[in-house]
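Chains as they are written, first to last, in this note's numbering: chain A, 163 to 276; chain B, 44 to 154.
We put the beta carbon where it would ideally sit given N, CA and C, even for glycine.
Since the structure is predicted, the reported quantities are computational estimates derived from the model, not experimental observations.
The block underneath contains the structure these notes are about, expressed in structure tokens.
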């Protein structure tokens with residue numbers, strides 16, 4: 163069975179600094195999707211970034227980028243120039259293929275220090 | 044602006060009562076998911092549908108929970124009878140291909 167592990171329950175970063183959130187996963191599949199979702203206090207789940215396993219290039223979305231290490235089954239999220247609005251719960255997620263169920267990690271709560 | 048709509052947003056009920064949560068998926072999406080979020084367990088998949096057919100409800104307590112999609116515009120999650128341990132935020136999400144969009148969730152409190 164596929165699993166997603168986020169080993170950092172909480173992290174803090176100074177505003178304008180860079181922070182990296184860790185995620186590892188377990189799967190026997192060779193092709194799959196990985197995601198990072200953000201959940202602010204409003205509790206809305208917001209997709210931050212996605213990565214297709216067949217792509218070697220790391221995905222980037224403005225200040226958000228990932229470090230995808232397929233052999234190590236590692237998928238970390240880097241947030242550059244942290245802003246107060248980045249404070250939220252961040253979930254790493256795995257999806258075996260299109261239209262399949264999504265499996266989430268337990269989440270990392272990110273605090274931004276002014 | 045297409046979005047997944049869940050009702051009610053908050054629900055407080057007494058133990059033993061029936062609870063029904065509703066979800067209107069985004070038009071054209073072929074998958075619908077129900078997740079439960081708690082502090083202890085995080086986001087747990089309860090059930091999911093593809094083209095209205097149930098594909099996986101292994102995460103759902105069968106004796107009290109049921110999930111249905113009577114039509115393409117409505118998904119329901121029922122709990123009967125409800126128990127205090129069911130207190131959680133319940134999310135519905137709908138998707139097409141790799142995308143999945145979440146509703147605002149229903150915060151259920153069973154007293």
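Can you tell which of the options has its C-alpha closest to the C-alpha of residue i?
i	options	result
residue 260 of chain A	A:249, A:195 and A:215	A:195
residue 145 of chain B	B:69, B:124 and B:53	B:69
residue 103 of chain B	B:139, B:51, B:94 and B:129	B:129
residue 49 of chain B	B:77, B:60, B:127 and B:56	B:77
residue 234 of chain A	A:192, A:174, A:163 and A:179	A:192
residue 137 of chain B	B:95, B:125, B:126 and B:149	B:95
residue 86 of chain B	A:266, A:240 and A:272	A:266
residue 232 of chain A	A:222, A:189 and A:200	A:189
residue 272 of chain A	A:201, A:186 and A:164	A:201
residue 226 of chain A	A:218, A:237, A:217 and A:205	A:237
residue 184 of chain A	A:176, A:198 and A:274	A:198
residue 246 of chain A	A:181, A:163 and A:165	A:181
residue 150 of chain B	B:54, B:123, B:45 and B:92	B:54
residue 47 of chain B	B:152, B:148 and B:154	B:148
residue 270 of chain A	A:263, A:207 and A:250	A:250
residue 66 of chain B	B:131, B:52, B:59 and B:107	B:52
residue 114 of chain B	B:61, B:140, B:75 and B:62	B:75
residue 204 of chain A	A:217, A:248 and A:264	A:248
residue 206 of chain A	B:83, B:106, B:133 and B:92	B:133
residue 275 of chain A	A:210, A:174, A:230 and A:256	A:174
residue 116 of chain B	B:84, B:131, B:62 and B:135	B:135
residue 106 of chain B	B:98, B:99 and B:121	B:121
So who's on the other strand from residue i, going by DSSP bridges?
i	result
residue 138 of chain B	B:74 and B:143
residue 55 of chain B	B:152
residue 90 of chain B	B:77
residue 182 of chain A	A:240
residue 200 of chain A	A:208 and A:252
residue 109 of chain B	B:121
residue 265 of chain A	A:256
residue 49 of chain B	B:66
With H, G and I counted as helix, E and B as strand and the rest as coil, what does DSSP make of residue i?
i	result
residue 225 of chain A	coil
residue 102 of chain B	coil
residue 128 of chain B	helix
residue 175 of chain A	strand
residue 119 of chain B	strand
residue 191 of chain A	coil
residue 96 of chain B	strand
residue 260 of chain A	coil
residue 214 of chain A	strand
Could you tell me whether any Cβ in chain C is nearer than 8 Å to the Cβ of residue i?
i	result
residue 49 of chain B	As a matter of chain content, chain C is missing from the structure shown, whose protein chains are A and B.
Near-chain A residues of the stretch 97-116 of chain B (beta-carbon distance less than 7 Å), N- to C-terminal order
99
Contact set between the stretch 247-258 of chain A and chain B, restricted to residues whose Cβ is under 9 Å from the partner
253, 255 and 257
List, from N- to C-terminal side, the beta strand (DSSP E) runs of 3 residues or more that fit wholly inside the stretch 224-257 of chain A.
226-231, 236-241 and 250-257
What are the residues of the stretch 192-219 of chain A that lie near chain B, defined by any Cβ-Cβ distance shorter than 9 Å?
195, 197, 199, 201, 204, 205, 206, 207, 208, 209, 212 and 214
Can you pull out the residues from the stretch 126-148 of chain B whose beta carbon lies closer than 9 Å to at least one beta carbon of chain A?
132, 134, 136, 138, 139, 140, 141, 142, 143, 144, 145, 146, 147 and 148
Under 9 Å (Cβ pairs) to chain A, residues found in the stretch 63-93 of chain B:
73, 74, 76, 78, 80, 84, 85, 86, 87, 88, 91 and 93
Between the stretch 225-240 of chain A and chain B, which residues of the former have a C-beta closer than 7 Å to a C-beta of the latter?
none
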